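Enquirer: Residue numbers (full-length UniProt numbering): 1 to 124.
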Amino acid sequence: MMYGDSKVAFQSYTRSLAEAFGKTTKATFNSVIVGLTATDSINNSKDLLPAEYLDGQIRDTTAADRIGVPEDIAYVVGFLASEEGRWFSGAAVSANGGNRLVMAALGCKDFWRGWEALQTTILL
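1. Less than 7 Å between the beta carbons of G97 and T61, yes or no?
2. Hey, could you find the ends of the alpha helix (DSSP H) S82 is sitting in?
3. Buried or exposed for A95, going by 16 or more other Cβ atoms inside 10 Å?
4. Does the structure place the segment 4-12 close enough to the segment 71-88 that three or more beta carbon pairs sit under 8 Å?
5. Does the contact criterion of 3 or more C-beta pairs under 8 Å hold for the segment 44-59 versus the segment 14-34?
6. What is the rounded straight-line gap between the Cα of R66 and the Cα of L17?
7. In the DSSP assignment, what are the bridge partners of S94?
Okay, structure coming up:
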């Protein structure tokens, strides 16, 4: 199965969990689609790509003008798991600093395909 296909399947699974168990458990079921985030694997990849190139690509293609940090993702997860996030269920929430928005405006579809492998999905 292709990586992108597995992400779509996981999002469908999240919606199915929300539909099947949301009413009976009163729980919410959401997934977070994580954009490029400064993790050990990303930091280790800087050996393969010049830092100037990577930083330039991030600045050019992300509304937030920076790579994400784990705390950015934690805030999204925390919100979805909190009482304030109670209206979200069966949702796939993008936490990517506006990456797709900027890339769509620039017409940069090929670049994004290369970074898809760096995304992960978290089930709440």
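Even glycine gets a Cβ: it sits at the ideal position worked out from N, Cα and C.
The model shown is predicted, which means the values in this text are computed figures rather than measured ones.
Expert: Concretely, from the data shown:
1. no
2. That residue, S82, is in no alpha helix (DSSP H); it is neither H nor E in DSSP.
3. buried
4. Judged by Cβ distances under 8 Å, the segment 71-88 makes no contact with the segment 4-12, as fewer than three pairs qualify.
5. no
6. C-alpha separation (whole angstroms): 34 Å.
7. I33
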